[in-house]
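Trainee: Numbering-wise, my numbering puts 1133 at position 138 of the sequence shown, and it's gapless, one number per residue.
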Amino acid sequence: MKVALVSETAVCPTTSGARLRILHLLLPLAGRHEITLIYRASTQAEIDATRAELEPRGVKLVPVLDPVPAKKGLSFYARLAANVFSSRPYNVASHDSPGVRDAIRRVAAGGIELWQLEWIAYADAVRAVSKAPLLVTAHDVVSTIWQRHHETARGFLKRWYVYQQWKKVEAFERRVYADVDCAIAVSDDDARRLREMYGARRVEVVDNGVDFAAHAAIERRPEPRTVLYVGALDSRPNQDAAVALLDDVLPTLRKVYPDVRLQLVGRGPPDWLTHRCQRTSGVELHADVPDVKPFLARASVLAVALRVGGGSRLKILEAFAAGLPVVSTRVGAEGLHVADGRELLLADGPRDLVPAIEQVWDDPAGADARAAAGRELARSRYDWESLAGRLERVWLDI
């Protein structure tokens, strides 16, 4: 088939869950279909890295060098203020690139048989130029994230603004998902939301996954009392989780384990988080690392302190495949086929992660047993190769 994918981000370097998903689902399918990837890049380095990974596999690349506006400075707050008067949510407006829309028009002229969007902002652009079936990947149900932001926001003005964004995103998602030919959810929970809340005509589940072989090959050399958190630190949910670890988890653990270390690993941390980590003893911030595997090898526990989020967490699957014990909030493990005490330990909120972490350290045999169960789950259900086959079956059926 002639398939076009449209992404709001480059695929490489793989510094986010969305990038990992797009890359690892593309690789097995690239040799079997004629695939064109239209994507928005922030730097020439991203274009070069994506080209080096995908061009040898036969993927036709159409990059658009158009950096997404930075989420800092006076201009950022001016854009937020201006968005009050727009019917479109800020995250849609800021990711809607005229260059990407032009690329969609040019690629559509080549007779595309199937479109897959990795972000809902371009659904109208595709519908305007092509009658081919249109799929949208719901990496998250974004309105659910904004709803949870509203539930945790402090201050009247911030809560009011977040509420407005929540409702705008909800309306936008409802319109898009009710129109497209198929929505691809990353979990059963998200699939249910898309059907029941947004009237999606057809929803298929293709879970997030993991490169099992690569992560299972990690040689674990755990360092005592090392707590790891991995996530894109330019996103609000991961920033909130980092703050919860700094405020609620680390100080309490330190009362019992003075030598505890917290490692935060992820791309694009804001300046305020960098400064906060620099001022806090026992905290290491590792930004924009090329590979998280060395951190998975050395940590003694992965602590997923998410209070806000959607979709399903690739960070947990990578830890499972590596044999790293995991503790998580229930929100953090949403969408995964796991059970408390079987593959990991679950907590209602970040503060409740403390006894779970202590249990990992005080009962290593139990932690090893859960880690082994997590590894088997990653192997049997979440390997990218089998998930790519599931996506291909959806393509063919549509």
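We treat Cβ as the ideally placed atom computed from N, Cα and C, and that holds for glycine. From a predicted model like this one, the values you see are computed outputs, not experimental measurements.
If you count every other CB in all the chains shown that lies within 10 Å of the CB of E1191, and 16 or more means buried, which is it?
Mentor: Counting Cβ neighbours within 10 Å, E1191 comes out exposed, since fewer than 16 surround it.
Trainee: Report back the beta-carbon spacing between P1345 and A1239 to the nearest angstrom; my notes put them in contact at under 8 angstroms.
Mentor: Indeed, because the Cβ distance is near 4 angstroms, the residues count as touching under 8 angstroms.
Trainee: Let's see if you can read the secondary structure: which residues bound the alpha helix (DSSP H) around I1311?
Mentor: Residues 1309-1317.
Trainee: What are the complete beta strand (DSSP E) segments, minimum 3 residues, inside the region 1173-1204?
Mentor: As far as the region 1173-1204 is concerned, its whole beta strand (DSSP E) runs of at least 3 residues are 1177-1180, 1198-1200.
Trainee: Does any heavy atom of the ligand GDP sit closer than 6 angstroms to the C-beta of I1030?
Mentor: In the structure shown, the ligand GDP is absent, as is every other ligand, since no ligand is present at all.
Trainee: If you draw a straight line from the C-alpha of D1174 to the C-alpha of V1059, how long is it?
Mentor: About 26 angstroms.
Trainee: Who are G1261's beta bridge partners in DSSP?
Mentor: In DSSP, G1261 forms a bridge with A1282.
Trainee: Just reading off the beta strand (DSSP E) that W1110 is part of, what are its end residues?
Mentor: Counting along the chain, the beta strand (DSSP E) containing W1110 begins and ends at 1109-1112.
Trainee: On a Cα-Cα basis, can you pick out the residue from S1230, P1219, L1268 that is closest to D1254?
Mentor: Answer by Cα proximity: P1219.
Trainee: Cβ atoms of R1052 and V1201: under 7 angstroms apart, would you say?
Mentor: Against a cut-off of 7 angstroms, the Cβ pair of R1052 and V1201 comes out as no contact.
Trainee: For D1135, count the other beta carbons within 10 Å of its own beta carbon; 16 or more makes it buried, fewer makes it exposed. Which is it?
Mentor: Buried: at least 16 other Cβ atoms inside 10 Å.
Trainee: Let's test the definition: count the other Cβ atoms within 10 Å of the Cβ of S1230 and tell me whether it reaches 16, buried, or not, exposed.
Mentor: S1230 should be labelled buried.
Trainee: Between the C-alpha atoms of I1393 and L1112, what's the straight-line distance to the nearest angstrom?
Mentor: Going from the Cα of I1393 to the Cα of L1112 covers about 14 angstroms.
Trainee: Who are T1009's beta bridge partners in DSSP?
Mentor: None; T1009 has no bridge partner.
Trainee: Taking only the alpha-carbon atoms, compute the straight-line gap between G1026 and L1049 and give it to the nearest angstrom.
Mentor: For G1026 and L1049, the distance between alpha carbons rounds to 11 angstroms.
Trainee: Using 8 angstroms as the Cβ pair cut-off and three pairs as the minimum, do the region 1143-1156 and the region 1116-1127 touch?
Mentor: Because the criterion of three Cβ pairs below 8 angstroms is not met, the region 1143-1156 and the region 1116-1127 do not touch.
Trainee: Please list the terminal residues of the continuous beta strand (DSSP E) segment that includes Y1072.
Mentor: Note, Y1072: premise wrong, no beta strand (DSSP E); alpha helix (DSSP H) at 1068-1078.
Trainee: Which residue marks the beginning of the alpha helix (DSSP H) containing V1087, and which one marks its end?
Mentor: Per DSSP, V1087 belongs to the alpha helix (DSSP H) from 1085-1089.
Trainee: What whole-angstrom Cβ distance do L1268 and A1237 have, given they're in contact under 8 angstroms?
Mentor: Confirmed, Cβ separation roughly 6 angstroms.
Trainee: In chain order, what residues of the same chain have a beta carbon less than 6 angstroms from the beta carbon of A1367, not counting five sequence neighbours either side?
Mentor: Nothing meets the Cβ criterion.
Trainee: Specify the secondary structure class of D1135 as computed by DSSP and reduced to three states.
Mentor: DSSP places D1135 in coil when its eight states are reduced to three.
Trainee: Given this structure, state the Cα-to-Cα distance separating G1306 from A1227, to the nearest angstrom.
Mentor: The predicted model places G1306 with a pLDDT of 45, which falls under 50 and marks its position as unreliable; any figure quoted below should be read in that light. Between G1306 and A1227, the C-alpha separation is close to 14 angstroms.
Trainee: What does L1382 pair with, by DSSP beta-bridge criteria?
Mentor: Note: L1382 sits in no beta bridge, so no partner.
Trainee: Starting from the Cα of H1090, find the closest Cα among R1101, A1104, R1074 and give me that residue.
Mentor: With distances taken between Cα atoms, H1090 lies closest to R1074.
Trainee: Do E1181 and L1189 have their C-beta atoms within less than 7 angstroms of each other?
Mentor: Contrary to the premise, residue 1181 reads as Val rather than Glu in this sequence. The answer is no: Cβ separation not under 7 angstroms.
Trainee: What are the boundary residues of the alpha helix (DSSP H) that includes K1126?
Mentor: Where K1126 is concerned, there is no enclosing alpha helix (DSSP H), given that its DSSP letter is neither H nor E.
Trainee: Please confirm if the region 1334-1348 is in contact with the region 1367-1376, defined as three or more CB-CB distances below 8 angstroms between the two stretches.
Mentor: Result yes; three or more Cβ-Cβ pairs closer than 8 angstroms.
Trainee: In the DSSP assignment, the alpha helix (DSSP H) including I1352 goes from what residue to what residue?
Mentor: Residues 1348-1357.
Trainee: Looking at the unbroken alpha helix (DSSP H) that takes in R1035, where does it start and where does it end?
Mentor: Per DSSP, R1035 belongs to no alpha helix (DSSP H); it is in the beta strand (DSSP E), 1029-1036.
Trainee: By the DSSP assignment, the alpha helix (DSSP H) with T1324 in it spans what residues?
Mentor: Note, T1324: premise wrong, no alpha helix (DSSP H); beta strand (DSSP E) at 1321-1324.
Trainee: What separation, rounded to the nearest whole angstrom, lies between the Cα atoms of L1280 and L1257?
Mentor: Looking at the two C-alpha atoms, the distance is approximately 8 angstroms.
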